[in-house]
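K.L.:
One line per chain: the protein sequences are H and C, in this order.
Its first residue numbered -4, the first sequence is counted upward by one per residue in this note's numbering.
Its first residue numbered -4, the second sequence is counted upward by one per residue in this note's numbering.
Number of protein chains: 2
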Amino acid sequence: MKDVSKLLESRNTVRVVDATLRDGGLVNDFYFTEEFAKALYMTNVKAGVDYMELGYRADKELFDIDKFGPWKFSDDDYIRKIVGDNDTNLKLAIMADAGRCNYKQDIHDRKDSPVDLIRVATYLHQMPEAIDMIEDAHAKGYETTCNIMAVSTAQMDEVAAALELLGKTPVDCIYIVDSYGSLYPEQIQRIADLYCSIGAKYGKSIGIHAHDNQKLAFANTIEAVGDGVDYLDATYNCMGRGAGNCAMELLLGFLKNPKYKERYAFKFVEDYINPLKEQGVVWGYDLQYLATGLLNQHPRNAIAFTKDKRKDYAEFYQEMLLLD
Amino acid sequence: MKDVSKLLESRNTVRVVDATLRDGGLVNDFYFTEEFAKALYMTNVKAGVDYMELGYRADKELFDIDKFGPWKFSDDDYIRKIVGDNDTNLKLAIMADAGRCNYKQDIHDRKDSPVDLIRVATYLHQMPEAIDMIEDAHAKGYETTCNIMAVSTAQMDEVAAALELLGKTPVDCIYIVDSYGSLYPEQIQRIADLYCSIGAKYGKSIGIHAHDNQKLAFANTIEAVGDGVDYLDATYNCMGRGAGNCAMELLLGFLKNPKYKERYAFKFVEDYINPLKEQGVVWGYDLQYLATGLLNQHPRNAIAFTKDKRKDYAEFYQEMLLLD
Chain H
-4 MKDVSKLLES
6 RNTVRVVDAT
16 LRDGGLVNDF
26 YFTEEFAKAL
36 YMTNVKAGVD
46 YMELGYRADK
56 ELFDIDKFGP
66 WKFSDDDYIR
76 KIVGDNDTNL
86 KLAIMADAGR
96 CNYKQDIHDR
106 KDSPVDLIRV
116 ATYLHQMPEA
126 IDMIEDAHAK
136 GYETTCNIMA
146 VSTAQMDEVA
156 AALELLGKTP
166 VDCIYIVDSY
176 GSLYPEQIQR
186 IADLYCSIGA
196 KYGKSIGIHA
206 HDNQKLAFAN
216 TIEAVGDGVD
226 YLDATYNCMG
236 RGAGNCAMEL
246 LLGFLKNPKY
256 KERYAFKFVE
266 DYINPLKEQG
276 VVWGYDLQYL
286 ATGLLNQHPR
296 NAIAFTKDKR
306 KDYAEFYQEM
316 LLLD
Chain C
-4 MKDVSKLLES
6 RNTVRVVDAT
16 LRDGGLVNDF
26 YFTEEFAKAL
36 YMTNVKAGVD
46 YMELGYRADK
56 ELFDIDKFGP
66 WKFSDDDYIR
76 KIVGDNDTNL
86 KLAIMADAGR
96 CNYKQDIHDR
106 KDSPVDLIRV
116 ATYLHQMPEA
126 IDMIEDAHAK
136 GYETTCNIMA
146 VSTAQMDEVA
156 AALELLGKTP
166 VDCIYIVDSY
176 GSLYPEQIQR
186 IADLYCSIGA
196 KYGKSIGIHA
206 HDNQKLAFAN
216 TIEAVGDGVD
226 YLDATYNCMG
236 RGAGNCAMEL
246 LLGFLKNPKY
256 KERYAFKFVE
266 DYINPLKEQG
276 VVWGYDLQYL
286 ATGLLNQHPR
296 NAIAFTKDKR
306 KDYAEFYQEM
316 LLLD
């Protein structure tokens, strides 16, 4: 049983990371207006959020710039257009996917960029490239995190081996990423225990990025923070791929550090997120996402179900059960 | 840290209780069609649900029968119209509120009723009446539970005193009820520990009824089952007052006893629950319910906000913060 004081304390190593533009961008192909991005930025500043993830730095040779909004690529110049010199306490992050980012060319020296943190997203089998990317970004002056995706399908001994490898890199933080929204809090506790014990050995922080397929993104995030996980990803009203993420308004309401002010989250949801929903942008808990989460599958089939406006949830669940 | 086997085991003392007609009835004044009720009953039978709560047995001198659908009163004859002789493994329950049920007159002998279980709902201060009701129902041949509401606002020493009183009654099960959706899993663990330890002393089962104001109804329910709580309330797609309850489809997907078949829950949501939503019946997580949950308040102001179709969440949160 966790110490009762943990519900009241404000551990000063906790960092709240807004991932709305990046994970939310996956549901509208990153077509956010500049007004939206600026308002989100100001909300994060006022709400005491620690990091704002702007989007991907995707390789323009792999992705057509005409098919995505600006946060698929998050050019330094475009970021400056939104945040100016960012003379605030809010740090800025971008995500670089192993295999999808021409990082040597497209990630410039930190002194020439408004970005503070490079978040390297990788599957376990891409770990050598991810480590190259971390070393490259660190050499250019950035903070770095490594986000090991789809941990619910990985063998824990392989994860442990990857954590040992990462321990020897300059990475600042290693993320538990429940990409499929498949994990229960009891499993998060065990995984956090592994990450935190190896992290402690090498002086690395641990983070969590959760999905809401089983309505557990917030529950898993607060389980993790109670277990010693410090970097906590959230998005306003859960906006993110498929079932979405841990809700920022819930997380800020939970954390007791007075610098976090959830009332600004209420206002942003009211003024900017709910209008997106009214315009027809779709995300959030629904039974197709429960189906893939329960079965520990990638959400791509559930996303296709949603795009096709199918309503035959029971038939879909049956299809997923019978997949070879 | 809980035993890993708990995620795989199927403890045979667990009971799943469908509360859709009763808690869901609070959002449509109990106006369900007979077709809906019959389909729900058949779904529960096929899905392996253990108890189906039909509705309240409200006092017709206190509530106008013209202002509510039939499940506000759950007459034995009306129940029979839906379930016939109920020649199934599904047991039937009704809720009797302390102070709102003429139980001596309106609850008949079990041999003359299709009902198996009387759920007595009470606030702490009504405990003497609740105990009378339990004894009355037990003497008439029923199983009984006592649902102590709004536990998040109660002093734990008073709750402990109530549990000791209930231990000496014939009640079969005592419920943890998070009426305000205010509790975090860490708190549920501590409360479950208290209930289970006193329950064990007197041979009473413990149950949980959760609300989703902070998207924690399912998380709190699975926390509780891991702590030894056996009676688990759920509703299809969370249908229930305000933010709603623990989702039946999530709970059946989590429980590993093969008698629970979540695919029937998928089908019922598809065929009956989603159409209700399309007709404009409103429930589920939204920021007005987060506001009252965070502040440990009764949801009545949030329900009024919803009914008034207000959208100014930030202003509402401010109003709740400044309530005297």
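Virtual Cβ for every residue (Gly too), placed ideally from N, Cα, C.
Bear in mind that the values here come from a model prediction, so they are computed numbers and not experimental data.
1. Here's a check: name, in chain order, each residue in its chain whose Cβ is nearer than 6 Å to the Cβ of Ser5/C, leaving out the five neighbours to either side.
2. Under the three-state reduction of DSSP, which class applies to Met122/C: helix, strand or coil?
3. Are Leu57/C and Arg17/C close, meaning C-beta to C-beta below 7 Å?
4. Would you say Leu21/C and Met47/C are within 7 Å of each other, going by their C-beta atoms?
5. Which residue's Cα is closest to the Cα of Val44/C: Ala91/C, Ala229/C, Val220/C and Leu160/C?
6. Report all residues from its chain with a CB closer than 6 Å to the CB of Ala145/H; omit the five preceding and five following residues, and keep chain order.
7. Beta-carbon of Leu317/C versus every beta-carbon of chain H: anything under 7 Å?
8. Going along chain H, which residues have a C-beta under 8 Å from Asn269/C?
9. Would you kindly check if the distance between the Cβ of His133/H and the Cβ of Pro165/H is under 7 Å?
10. Taking C-beta to C-beta, are Val264/C and Asn215/C nearer than 7 Å?
11. Would Leu3/C count as contacting chain H if we go by Cβ distances under 7 Å?
12. With 16 as the cutoff for other CB atoms within 10 Å, does Asn7/H come out buried or exposed?
13. Out of Gly239/H, Gln283/H, Pro294/H and Lys(-3)/H, which one is the CA nearest neighbour of Glu310/H?
14. Of all the CB atoms in chain H, is at least one closer than 7 Å to the CB of Lys(-3)/C?
15. In three-state DSSP terms, what is Tyr26/H?
16. 7 Å is my cut-off, CB to CB: does Leu245/C come that close to chain H?
17. Since Glu48/H is in the beta strand (DSSP E), which residue starts that stretch and which ends it?
18. Indicate whether at least one CB of chain H lies closer than 7 Å to the CB of Val44/C.
19. Are the Cβ atoms of Tyr98/C and Met128/C separated by less than 7 Å?
20. For Glu265/H, would you say it is in contact with chain C, using Cβ-to-Cβ distances shorter than 7 Å as the test?
21. For Ile323/H, collect the residues of the same chain with a Cβ closer than 6 Å to its Cβ; drop the 5 residues on either side in sequence, then sort them by chain order.
22. Along the chain, where does the beta strand (DSSP E) that runs through Ser200/H open and close?
23. For the beta strand (DSSP E) that contains Leu87/H, what are its first and last residues?
24. Which value, in whole angstroms, describes the spacing of the CA atoms of Tyr137/H and Glu257/C?
25. What are the boundary residues of the beta strand (DSSP E) that Ala324/C is part of?
26. The beta strand (DSSP E) spanning Leu291/H covers which residue range?
27. Quick check: is the beta carbon of Lys41/H nearer than 7 Å to any beta carbon in chain C?
28. 7 Å is my cut-off, CB to CB: does Gly248/H come that close to chain C?
29. Sorted by chain position, which residues of the same chain lie with C-beta nearer than 8 Å to Ile171/C's C-beta, five sequence neighbours on each side aside?
30. Grouping DSSP H, G and I as helix and E and B as strand, with all else coil, what is Ile102/H?
31. Short check: CB of Met322/C to CB of Leu290/C, under 7 Å?
32. Does the beta carbon of Gln292/H come closer than 7 Å to any beta carbon on chain C?
33. Which residue wins for smallest C-alpha separation from Lys196/C, given the options Met234/C, Leu161/C and Arg10/C?
34. Determine the direct distance from the alpha carbon of Arg105/C to that of Val9/C, and round the result to whole angstroms.
35. So the candidates are Val12/H, Cys241/H and Lys41/H; which of them puts its Cα closest to the Cα of Leu211/C?
36. Which class does Asn232/H belong to by DSSP, given the choice of helix, strand or coil?
P.N.:
On the basis of the coordinates in this document:
1. Only residues of its own chain outside the window of five on either side were considered, and among them Lys251 and Asn252 have a CB closer than 6 Å to the CB of Ser5/C, listed in chain order.
2. Met122/C: helix per DSSP, three-state reduction.
3. Cβ atoms of Leu57/C and Arg17/C: not closer than 7 Å.
4. No; because the gap between Cβ atoms is not below 7 Å, this pair is not in contact.
5. For the residues Ala91/C, Ala229/C, Val220/C and Leu160/C, the minimum Cα distance to Val44/C belongs to Ala229/C.
6. Around Ala145/H, the same chain offers Ser174 as residues with beta carbons nearer than 6 Å, after the five sequence neighbours per side are excluded.
7. Closer than 7 Å: no.
8. Going along chain H in sequence order, the residues near Asn269/C (Cβ under 8 Å) are Lys306.
9. Yes, Cβ-Cβ distance for Pro165/H and His133/H is below 7 Å.
10. Cβ atoms of Val264/C and Asn215/C: not closer than 7 Å.
11. Answer no: the Cβ-Cβ gap between Leu3/C and chain H never drops below 7 Å.
12. Note on Asn7/H: under 16 other CB atoms within 10 angstroms of its CB, so exposed under the neighbour-count rule.
13. Taking the Cα of Glu310/H as reference, the smallest distance to any Cα among Gly239/H, Gln283/H, Pro294/H and Lys(-3)/H is reached at Gln283/H.
14. Judged by the 7 Å Cβ criterion, Lys(-3)/C is in contact with chain H.
15. Here Tyr26/H sits in coil by DSSP.
16. True, the Cβ-Cβ gap to chain H drops below 7 Å.
17. In the DSSP assignment, Glu48/H falls within the beta strand (DSSP E) that extends over Tyr46 to Tyr51.
18. Output row for Val44/C: interface = no.
19. Yes.
20. Yes - at least one Cβ of chain C is within 7 Å of the one on Glu265/H.
21. The requested residue 323/H is not part of the displayed model; chain H covers only -4 to 319.
22. Segment Ser200 to His204, the beta strand (DSSP E) holding Ser200/H.
23. Lys86 to Asp92 is the extent of the beta strand (DSSP E) around Leu87/H.
24. Going by C-alpha positions, Tyr137/H is about 47 Å away from Glu257/C.
25. As displayed, chain C neither begins before -4 nor continues past 319, which places residue 324/C out of reach and without an answer.
26. It should be noted that the sequence gives Asn, not Leu, for residue 291/H. For Asn291/H, there is no enclosing beta strand (DSSP E), since its DSSP letter is neither H nor E.
27. It does not; no Cβ of chain C falls within 7 Å.
28. Yes, Gly248/H lies at the interface with chain C (some Cβ there is under 7 Å from its Cβ).
29. Result list for Ile171/C: Ile143, Val146, Ile183, Ile186, Ala187, Tyr190, Ile201, Gly202, Ile203, His204, Ala219 and Val224, in chain order.
30. In the three-state reduction of the DSSP assignment, Ile102/H falls in the coil class.
31. This structure gives no information on residue 322/C, because the portion of chain C shown stretches from -4 to 319.
32. Not closer than 7 Å to any Cβ of chain C, the Cβ of Gln292/H fails to qualify, so no.
33. Checking every option, the nearest Cα to that of Lys196/C belongs to Leu161/C.
34. Near 24 Å, if we compare the C-alpha coordinates of Arg105/C and Val9/C.
35. The residue with the shortest Cα to Cα distance from Leu211/C is Cys241/H.
36. Here Asn232/H sits in helix by DSSP.
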